[in-house]
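Data block below; observations after.
Residue numbers (this note's numbering): 54 to 1051.
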């Protein structure tokens, strides 16, 4: 019992060490669990919301729309739980200028259901539900009315649709009608689109570089009043996918099995079937047109024939009369009157030649008959010409039909293709990566500080330990005094750390996240396994340090332990050997130098602890500096052009004419831009992706005309990059990289994510879904987006050749055409503001699909979530620095109580004692800061590996101001610690402190 009481008394006396260990453990566990818990809570709540609203697992789009036969084929795919056919229509309306929206039918099969936030769901024709973004921008409210105008060319490939399922399975025969929605609308509800969780009311909307919306708003309408049998897309739910977390690899694998089945058989068959339907419909129209034309021509011919018959009858009548008159005259000259009368009653028989001659004579003698004959001949001639022309036209259409109807393309996409989903996932993944990296530093510092504190604690009880061992207590029982002390401190600190980690930090992160995304049903949850492992990790580390300290002391005999520890043998430090310097140092300076460099363990612990904390602060500020400069580096340094304009292939010429006529362009380069994918071709030769990567990246494929390959360097800064150690990269000389016909140039942001380097083989997918294996000739410096540059010649070789991997989808030789340059990179005159305004005005033009101003992108690029996490990490690192300095200072004082008492006996005033002790701590702190600043830059250089995000490459940069802030903050913490240490120095009693321990 006395042993226990003494142990408790010893614990109470060492409360400062207890608090230090507990605080370090608290901070470490909080960092380890907090960021993880915040991201996990966001992942789980979002996954529950997606499951509740039935967010699709797979979406199928088609360039020619989807028919009932397509929907029926998708239902038969193994692994598909539900299929929902969707109809939508793009409309425009006036809202401080021309705005566009997607009219989207609310599905009745439980897929992609909008989440009601206010009002009610629409039920009748003309009723709609709108998003909160529209309410905010328009100023309208529930009950407001709106009139929209359907766009002239409705998109058949809209990727945001939610309409009712189609149960029919009959093939269409060219009678499909495009979807049509009511135009007189009434707002009855405000909803959240599950495909886009961006918060329009928060401090930050979706960052502009990831915005993928093709229209400004989405309006949700009921099936009532919607017409049209052609579907814009089909959404699918996969069996077993709802049981997996949508952000886990297991979910991706489950969905991929179904997408592979669709791509493998259904896609090709239905593409061909749909194209054949269009061909049959075109042929039927031609046949119908020929039949209708033949009927009209037959009717016209019948009319002409009737008129000609009437004309011939009239002429024949005149011929008969003239022939009869001539016969009567001849009979009168040679017989009596009776004979003449008899002869006149009988028409003479004329041969055909004589009759035709008489017809011509009679027609020629009569102007009326001549005109009538000419009209009949002219009508017949015109009819014959019309017949020939119509037949020629129909034959031409028959010949052109196969080439005029392009190959139907299916696009099978998963949730990764949703801009809102991928943005949320990448944001959370990046923060979680930081949460996995920083706790390691906290753990190392915790072990170092625990070793320092517990070693001093054991050393102070040296004689008591010897007494207990001499009395027969086992070494394990004696060591348990310190092990239980450290364990209790870890458990209490860890418990408080779990509270901060699963409540405090997640609450802060979720507040920031909710400023960017809307997450219904968000709640904080505790993870027993992860929390227990987090505490166990620090318990093991601290106990290991405590065991080491105990073993170091208890390996001696009780007699040796009960005697005072022999003073450290005197020795010279290196500075003493530099006589010119040493001789010029004062007495107290020499004492300080000896105290700093003779006690190596204290030097290492103090400098190492301060350096680690300083490095954490520098590392956090490095993230902030890196993110802040991403937009400027990409859009003002790498992209040399000021404007990128993209159009449909059919509007490419009109777009270039429009831009040229405006007179703002100083130089330009026509290119072709397509959205595609880059996939690692294989493994075993160093070309495979990094461990943990998905092996695929969405890219922007940029084809450059073969005559203007050298002009690419004037629009984009081409700098080769090579991989370095610890995730760093080396950048080559500007202009040393050229695009040629031997390979593609891949952006660094994509290459880093997939582990691609120069010489690698990758699989490219172009805008038509055609796949081909390409060689990477170089990796270009690129921070935002994933551009892949390819020459016109190499593009044709990849996607038009017989060697293309997916020959079922590749163009046939007769269909191969020259590339359409559907985009323009241009340099503009004028200020940044005028360039931004010009890009916005271009988007109003019907020939322009998208116009992007680099000046606007550079100014608007934000990554607010990362900034909030950086602030959290810097605050925690500062707290750790404060605890470390406090622990080291108190340990330093406790080790030197007799020395401080001696100074007081010698006549040192309290202020002089403060200066004597604090000067050593400040020098050690300065040494730690000097070491921590480059260490922080080195650790920051490895952030590229930790922050491995889609379409982003973090080119780490630390501004000089960040070094200053880190150094000043650490020194400020050291000064703050002095305020706590000085009263301890003042309370040292020289008499009791100098008593002999014997």
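The C-beta atom is built at its ideal place from N, Cα and C for all residues, glycine as well.
As the structure is a prediction and not an experimental result, all values here were calculated from the model.
- Taken through DSSP and simplified to helix, strand or coil, residue 686 comes out as helix.
- Under the Cβ criterion (8 Å, minimum of three pairs), the segment 547-566 does not count as touching the segment 632-648.
- Within the segment 412-456, no run of beta strand (DSSP E) at least 3 residues long lies entirely inside it.
- Taking all protein chains in view, the Cβ of residue 732 is crowded by 16 or more other Cβ atoms within 10 Å, so the residue is classified as buried.
- In the three-state DSSP reduction, residue 833 falls in the strand class (E or B).
- By the CB criterion at 7 Å, residue 846 and residue 793 fall outside the cutoff.
- Excluding five sequence positions before and after residue 109, the CB atoms of its chain that fall closer than 8 Å to its own CB belong to 137, 164, 165, 288, 289, 290, 468, given in chain order.
- Burial state of residue 99 is buried, judged by a 10 Å Cβ sphere holding 16 or more other Cβ atoms.
- Around the beta carbon of residue 720, fewer than 16 other beta carbons sit within 10 angstroms, so the residue counts as exposed.
- As DSSP reads the structure, residue 798 sits in a beta bridge with 831, 842.
- Along the length of the segment 687-717, whole beta strand (DSSP E) runs at least 3 residues long occupy 696-699, reported in chain order.
- DSSP places residue 972 within a helical segment (H, G or I) once states are collapsed to three.
- Assignment of beta-bridge partners to residue 172 by DSSP yields 242.
- For residue 63, no beta strand (DSSP E) encloses it; the enclosing alpha helix (DSSP H) starts and ends at 55-66.
- Assignment of beta strand (DSSP E) within the segment 112-151, counting only whole runs of 3 or more residues, yields 133-139, 141-147 in chain order.
- By the 16-neighbour rule on beta-carbons within 10 angstroms, residue 355 is exposed.
- Inclusion of residue 900 and residue 708 in the CB contact set at 7 Å is warranted, their separation being smaller than that value.
- Separation of residue 203 and residue 118 (C-alpha to C-alpha, rounded to the nearest whole angstrom) is 17 Å.
- In terms of Cβ geometry, residue 932 and residue 80 form a close pair [threshold 7 Å].
- According to the DSSP secondary-structure assignment, residue 752 is paired through a beta bridge with 729.
- The segment 278-287 makes contact with the segment 228-237, as at least three CB pairs between them are under 8 Å.
- The residues 645, 648, 649, 945, in chain order, have a CB closer than 8 Å to that of residue 973 in the same chain once the five nearest residues on each side in sequence are set aside.
- In the structure shown, residue 649 falls within a helical segment according to DSSP collapsed to helix, strand and coil.
- The Cβ atoms of residue 1035 and residue 967 lie closer than 7 Å to each other.
- With fewer than 16 other Cβ atoms from the protein chains shown falling within 10 Å of its own Cβ, residue 375 counts as exposed.
- Counting along the chain, no alpha helix (DSSP H) covers residue 818; the unbroken beta strand (DSSP E) around it starts and ends at 814-818.
- Within the same chain, Cβ atoms closer than 7 Å to the Cβ of residue 682 are found at 1010, the five residues on either side in sequence being excluded.
- Exclusion of the five residues before and after residue 892 leaves 696, 904, 905, 906, 909 as the residues of its chain whose Cβ lies within less than 7 Å of its Cβ.
- Take the alpha-carbon of residue 561 and the one of residue 924: they are about 11 Å apart.
- Within the DSSP secondary-structure output, residue 181 pairs in a beta bridge with 240.
- For residue 875, the CB contacts under 6 Å within the same chain, skipping 5 residues up- and downstream, are 700, 702, 705, 725 in chain order.
- Segment contact: the segment 291-299 against the segment 153-172, fewer than three CB-CB distances shorter than 8 Å; contact not assigned.
- Around the beta-carbon of residue 54, fewer than 16 other beta-carbon atoms lie within 10 Å, marking it exposed.
- With contacts defined as CB atoms closer than 7 Å, residue 465 and residue 333 fail to qualify as a contacting pair.
- Put simply, of 563, 576, 673 the residue whose alpha carbon is nearest the alpha carbon of residue 492 is 673.
- Rounded to whole angstroms, the Cβ separation of residue 328 and residue 458 is 6 Å, and the two are in contact under 8 Å.
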